[in-house]
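Notes to accompany the following structure.
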Amino acid sequence: MEKFNFSAGPAVLPQEVLSQITEEMADWQGSGLSILSMGHRTDEFTVILQAAEQDCRALLGIPDNYRVLFMQGGAVAQNAIIPLNLVKKSKETAVIDFIHTGYWSGRAMEDVAKYACVHVAASAKESQFTTIPHKSSWQLSPSAEYVHVCTNETVHGVEFNFTPDVGDVPLVADMSSHIFSRPIDVTKYGVIFAGAQKNMGIAGLTLVIVRDDLICGAQANCPAAFDWVNVAKNHSRFNTPPVFAIYVAGLMFKWLLQQGGLENIAKQNSLKSHLLYDCIDASSLYANAVSRDCRSRMNVPFSLRDPVLDTAFLAAAKQQGLLQLQGHRVLGGMRASLYNAMPAKGVESLVDFMREFERLS
Ligand SMILES: *Cc1c(COP(=O)(O)O)cnc(C)c1O
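For the sequence shown, position 198 (counting from the first letter as 1) is numbered 197 according to numbering that gives the first Met the number 0, and the numbering increases by one without interruption.
This is the structure in structure tokens:
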């Protein structure tokens with residue numbers, strides 16, 4: 000039986016990528032070196048690193064005045080690394096605008112509050128994070144250091160369907176759970192960051208895309224390894240980078256290019272998510288509370304009419320080879336993550352199973 004993994008992260012990888020990793024594991028392309036034991040300054044790894052950056056740039060259309068940094072610490076570390084690099088004023092006078100759209104933007108505010116005054120310019124809390132506040136309602140501070148958005152909230156399943164214009168203030172976006180899922184206009188952002196383990200590989204790597212002028216020296220108390228100046232100057236090799244995770248991301252980028260790039264991937268993602276939302280909307284057993292105009296194409300939380308059925312649903316799904324459908328501990332219920340690497344037939348299997356489970360319950 001074919002199995003499908005709906006984990007929110009670390010998440011499914013394409014079968015082709017897994018096969019290539021397996022094949023090359025002991026000896027990377029006849030070099031005699033395993034990728035697990037390859038020096039990060041060898042010619043071999045230099046090839047891997049440069050190809051990964053080039054393909055990343057090609058996929059997203061990253062302009063020359065942006066740097067691509069491969070870092071560690073995850074998106075959560077970046078929540079603190081960003082103010083350490085961008086805030087030049089004292090903690091009492093620096094203001095950072097937040098658009099509070101769910102769990103991950105909320106957690107980022109907690110980290111940022113150690114370095115600046117957090118100003119919630121808009122919040123979807125009243126809707127229990129089932130909406131994205133309309134841009135016209137945002138109360139931005141004119142002198143903010145930057146504006147933080149999380150463009151896909153992995154837990155609450157809401158996704159921006161527009162790119163906000165915030166004027167001259169840098170727009171900083173946590174794109175961890177939907178980067179590479181559709182084309183984006185990089186020039187609208189000051190900083191884009193993403194943990195790799197959702198849509199571009201495995202845990203241990205954080206991708207940071209920063210406009211040149213924002214790489215201008217971190218605060219004195221910032222760890223040297225997290226100062227973007229050091230990372231950029233040394234082409235992500237200030238200290239040992241996550242070699243294996245960069246290699247896997249490089250394979251993911253090649254795979255995405257083979258799929259026809261992000262325009263094509265976006266079409267697939269739209270089809271896949273519609274299939275599941277249509278099933279949920281047509282049923283009286285399942286429900287998704289998110290406003291239709293901001294439903295995430297990547298993470299679909301849903302509940303069963305009676306939570307008593309949750310355990311039976313998860314057990315029966317597992318028997319059908321449909322894995323890791325349990326919701327995030329904050330929301331409960333179910334969540335199906337439909338990242339780039341989830342094949343359409345995985346979603347078809349899920350929908351077939353859900354209809355059958357409803358019929359029998
Ligand atoms: C998973 C996730 C994070 C946390 O990433 P870590 O790698 O655990 O630090 C942050 N933001 C979003 C949107 C996520 O999906």
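Beta carbons: idealized from backbone N, C-alpha and C, even for Gly.
- Taken through DSSP and simplified to helix, strand or coil, D26 comes out as coil.
- Residue environment analysis places E355 among the exposed positions, since fewer than 16 neighbouring C-beta atoms fall within 10 angstroms of its C-beta.
- Within the model, the alpha-carbon separation for K271 versus A219 is close to 47 Å.
- Note that the segment 34-41 does not touch the segment 185-202; fewer than 3 beta-carbon pairs, one per stretch, sit closer than 8 Å.
- Taking 8 Å as the cut-off, the Cβ atoms of S175 and T153 count as close.
- For N238, the Cβ stays outside the 7 Å cut-off from all heavy atoms of ligand 1.
- It is roughly 25 Å from the alpha-carbon of K187 to the alpha-carbon of H155.
- A Cβ closer than 6 Å to some heavy atom of ligand 1 marks a residue here, and those residues are G8, G73, A74, V75, W103, C149, T153, D173, S175, S176, G194 and K197.
- At a Cβ-Cβ threshold of 8 Å, Q267 and F5 do not count as neighbours.
- In this structure, the straight-line span from the alpha carbon of G194 to that of H177 is close to 10 Å.
- Beta-bridge annotation (DSSP): N4 is paired with L322.
- Sequence-distant Cβ neighbours of L213 in its own chain, meaning closer than 7 Å and more than five residues away, are L85, P169, G189 and V190.
- Between P300 and G345, the beta carbon gap of about 17 Å keeps them out of contact (Cβ cut-off 8 Å).
- Under a 10 Å Cβ-count criterion, V148 is classified as buried, with 16 or more other Cβ atoms of the shown protein chains found around its own Cβ.
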